[in-house]
Amino acid sequence: MYTLNIAIVIPFIVALFIPLLYKKFGRVHTGWFVLAVPVALFIYLAQFIPSIARGEVYFSEVPWIPSLGINFAAYLDGLSLILALLITGVGSLVVLYSIYYLSKERESLGHFYVYLLMFMGAMLGVVLSDNLMVLYLFWELTSISSFLLIAYWYHRRQSRYGAQKSMLITVTGGIGMLAGFIMLSTMTGTNSIREIIATIGQYTDHTLFIPAMLLVLLGAFTKSAQFPFHIWLPDAMEAPTPVSAYLHSATMVKAGIYLVARFTPVFGGDAVWFWVVSIVGLVTLFWGSFTAIRQTDLKALLAYSTISQLGLIMSLLGLGSAALYFDEATEATAYYSLAIFTALFHLINHSTFKGALFMVVGIVDHETGTRDIRKLGGLMTIMPITFTLAVIGSFAMAGLPPFNGFLSKEMFFTSTLRASELSFFSMETWGLMFPVVAWVASVLTFVYCMILVFKTFFGNYQPEKLEKKAHEAPLGMLIPPVILASLVVAFFFFPNIIGEYLIQPGYGAILPTFMEANLPDYDIAPWHGINTELLMTLGVVGFGIVLYRLWPSWSGIYALFPAKFSLDSLYNHTLMSVERRSTSLTNRYMTGNMYHYMVYIFIVIIVVVTGAIAYTGAFRFDPSNDAPISIYEAFIAVVMALTAIAIPFAKSRLTAILLNGVLGYLLALFFVFFRAPDLALTQLVVETVSASLFLLCFYFLPEWEKEKRKRKIKGINAIIALSVGTLVTMLALSVQSNRLFDSISAFYENAYELAGAQNIVNAILGDFRAFDTMLEVVVLLIAGIGVYVLIKLKANKGGRDVENK
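Read in full-length UniProt numbering, the sequence shown has 340 at position 340, and its numbers run on one by one without any break.
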């Protein structure tokens with residue numbers, strides 16, 4: 001069954017035809033054509049829900065590079081199904097929303113939807129891939145496509161800056177993750193994630209186990225905006241709102257969450273994994289909520305709230321990994337693994353209410369012309385539907401009933417309270433930290449949710465500060481957030497439907513061994529009586545209201561965190577320092593003088609190669625197996641040497657060219673002696689053409705004036721020339737004398753059988769090197785396309801003005 005593989009590549013295939021559709025049907029919004037892709041994929045994936053809920057899994061594999069253990073393997077289980085449904089389901093709503101958000105007259109929709117489909121396909125590849133190397137390929141494709149989407153409004157300086165920032169941070173983490181994958185593959189001897197999970201128990205004491213774990217976490221933390229790598233996400237908000245709603249709430253940032261969940265069976269149960277994932281998640285949870293309160297831009301507020309919520313999910317995955325501390329399924333396993341179940345539940349909930357909130361903020365920006373909270377207010381009566389959606393999304397994020405966020409937040413409190421009772425991993429000392437940080441962060445979350453609602457929709461209406469006259473959004477733009485908000489409410493009243501059909505299978509995929517023991521299913525209910533979790537919620541509401549009302553009196557606390565000492569400032573300073581130092585270093589050797597460049601190159605060659613020969617003792621001279629040298633060969637060699645020596649002393653260009661031609665023709669004579677007439681003929685033709693071109697070019701140059709160099713410079717030149725000549729001679733003699741491997745010439749002796757060629761040289765050039773030649777042609781093609789694009793993007797041809805300040 002290759003349908004899973006086809007599902008991954010469909011968005012890429014459709015993306016190839018988007019430019020054609022955009023030009024052919026310019027009067028129709030391109031989004032209507034694109035909408036069919038995520039809808040069809042969502043319907044296709046939804047049909048697996050019943051069978052996946054019964055415990056079935058689906059696997060398909062297409063051979064790619066079998067010799068390296070790299071195959072296009074797709075694997076669908078409970079965990080990947082949750083993410084795949086979010087990618088296609090939210091993707092469908094985002095495309096519908098973008099149809100009304102992006103104008104077909106003012107925007108380059110062809111580019112936008114190509115990038116969006118690329119990203120969709122890459123995300124499906126990430127969550128459905130079973131092969132480590134293929135997963136990494138799609139992982140980096142998400143970074144590339146998100147870079148293009150964030151920089152969609154490339155004429156804005158901040159858009160370019162945000163795209164570059166996200167690219168640098170996420171790709172750096174991705175490279176570290178690749179190193180971790182290679183370590184895992186080296187340890188286990190396979191690239192299959194399923195096989196690694198099945199056999200990892202025998203490798204936990206391997207020296208590469210902890211380094212591989214930390215490198216994989218580096219990739220996950222950078223992609224999911226965990227502290228201190230979170231700084232890229234707020235700047236990525238320069239992207240159009242549909243991009244933010246899709247990438248930065250429901251999909252791309254969840255890739256890191258998915259990676260941690262997928263590799264929990266591999267590394268979970270280890271104290272390092274438990275503490276790193278849990279602590280990073282808690283710190284991110286607190287810092288994101290604390291920083292969100294001070295934001296005056298609605299999208300910036302949502303960005304930091306997303307960071308906080310991602311930290312919440314990450315901390316739950318870390319806490320839940322404690323269940324793997326036990327060797328077998330027990331009551332304690334079920335007791336502690338609630339956190340894993342809660343993480344998946346909140347992952348789904350967050351995608352619904354945060355996606356709706358991003359769309360709400362997009363509506364406010366689209367219909368008022370601003371996202372600045374200081375300019376907004378009084379929109380409740382002007383935009384009643386948008387206001388209702390904002391209340392549902394914000395109150396769900398704050399953890400209030402009757403919204404789905406309340407359920408997962410209560411379960412979050414339960415998980416942290418249970419974690420405080422752990423008697424291993426030094427939890428006797430630090431266990432209380434988990435519920436305390438969770439409660440404090442929840443209070444701060446409540447505060448910024450109130451700011452989002454009341455500062456935007458209550459208070460005084462200030463039309464003079466708005467760029468547009470505020471009005472309600474068109475129906476088409478309201479439909480996607482209405483659907484998401486409806487799910488927020490529906491999941492509160494009917495949580496066990498998704499609990500049974502989605503969360504439980506996903507939970508089983510993360511803890512596959514324990515699920516075989518038929519542990520009891522978790523029941524999601526809004527009411528469990530008066531307990532500690534309920535009291536914590538009441539405290540969140542009470543303290544949150546007080547902090548919101550007293551906001552002006554305690555906002556001065558943020559002065560303790562000046563911008564110049566922030567992580568953003570450190571990033572900018574580091575980037576500017578690296579650019580400044582690299583520019584200074586480059587200017588030192590990029591002098592524009594070809595003489596300097598040749599000196600640098602030759603000195604490096606002399607030092608590196610001579611050092612390598614001396615260190616390895618590779619030089620060897622053994623002429624015993626050499627063929628005898630005839631008098632004719634010796635005579636030609638001497639003449640060639642004298643000719644080469646004469647070239648530097650030539651008095652004119654014409655003399656130098658003729659001497660260089662003599663070298664070429666004498667070389668052709670060697671080919672004749674060595675019975676290679678084709679090579680001799682080729683050499684004669686090439687040398688004749690080269691000499692003619694040289695003469696033609698130099699005819700138009702001014703008279704050759706002998707360069708006046710100091711005697712010291714001449715001495716240095718002579719030393720370099722002699723050193724390089726001697727080194728190359730030593731290398732040639734060593735290669736001739738050292739027979740470390742069998743000669744490859746025997747392979748080419750079968751040229752007639754392998755390539756149908758009667759001439760070995762032609763077979764090598766035309767057949768054996770054909771792939772190399774093809775790549776050279778591709779390089780030329782890419783260079784040509786680049787030149788063409790630069791010419792077409794001239795500002796005086798109608799291109800957009802680009803901000804440089």
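Quick reminder that beta carbons are idealized off the backbone N, C-alpha and C, glycines included.
L478 sits away from T368, with the two beta carbons spaced by 8 Å or more. Beta-bridge analysis with DSSP links E238 to no other residue. In the displayed model, I70 falls within a strand according to three-state DSSP. For W64, the enclosing beta strand (DSSP E) stretches over residues 58-65. With a 10 Å radius around the Cβ and a threshold of 16 neighbouring Cβ atoms, F493 comes out exposed. The criterion of a C-beta distance shorter than 8 Å is not satisfied by T251 and G173. Linking L217 to T264 through their CA atoms gives a straight-line distance of about 11 Å. Following the DSSP letters along the chain, one finds L765 in no alpha helix (DSSP H), marked with neither H nor E. Here L76 carries a strand assignment [DSSP, helix/strand/coil]. Contact annotation: A53 and N5 have beta-carbon atoms that are not nearer than 8 Å. Look at D372 here: in three-state DSSP terms it is strand. Here the alpha carbons of G499 and V443 stand approximately 27 Å from one another. Here F457 has L379, M380, F387, A390 as same chain residues with Cβ atoms under 7 Å from its own Cβ, once five neighbours each way along the sequence are excluded. Here I373 really is in contact with L298; their C-beta atoms are around 6 Å apart, less than 8 Å.
D678 sits in a helix when the DSSP states are folded into three classes. A check of alpha carbon separations from L76 across L68, S351, I49 identifies I49 as the nearest.
With distances taken between CA atoms, S244 lies nearest to L357 out of L357, G715, R294. Separation of the CB atoms of L679 and F671 is rounded to 4 Å, and the pair is thereby assigned contact status at 8 Å.
Comparing C-alpha distances from V253 to each of G725, I606, Y304 shows the shortest one belongs to Y304. Contact fails between the segment 50-69 and the segment 174-183, because fewer than three Cβ pairs, one in each stretch, are under 8 Å apart. Inter-residue distance for P562 and G542 is about 30 Å (C-alpha atoms, whole angstroms).
The straight-line gap separating the alpha-carbon atoms of V34 and L116 is approximately 9 Å.
The C-alpha of R739 is placed about 11 Å away from the C-alpha of L733. Here I645 is exposed. Its C-beta has fewer than 16 other C-beta atoms within 10 Å. Taking a cut-off of 8 Å for Cβ pairs, the segment 338-348 and the segment 307-327 touch, as three or more such pairs fall below it.
In the structure shown, S423 falls within a coil segment according to DSSP collapsed to helix, strand and coil. Contact between M237 and F209 is absent: CB atoms are separated by about 38 Å, not below the 8 Å threshold.
Taking the C-beta atoms as reference points, L135 is found no nearer than 8 Å to G176. The alpha carbon of P435 has as its nearest neighbour, out of S145, L132, F413, the alpha carbon of F413. In this structure, the CA atom of I382 is about 12 Å from the CA atom of G459. Under a 10 Å Cβ-count criterion, E195 is classified as exposed, with fewer than 16 other Cβ atoms of the shown protein chains found around its own Cβ.
When rounded, the separation of the alpha-carbon atoms in P480 and V447 is 26 Å.
Within its own chain, the residues whose Cβ lies closer than 7 Å to the Cβ of I510, once the five positions on either side in sequence are excluded, are L79, A261, T264, P265, I340, listed in chain order.
Going by C-alpha positions, S415 is about 15 Å away from G399.
Contact check for L722 against I606 fails: the beta carbons are separated by 8 Å or more.
According to the DSSP assignment, T170 belongs to the alpha helix (DSSP H) that extends over 157-188.
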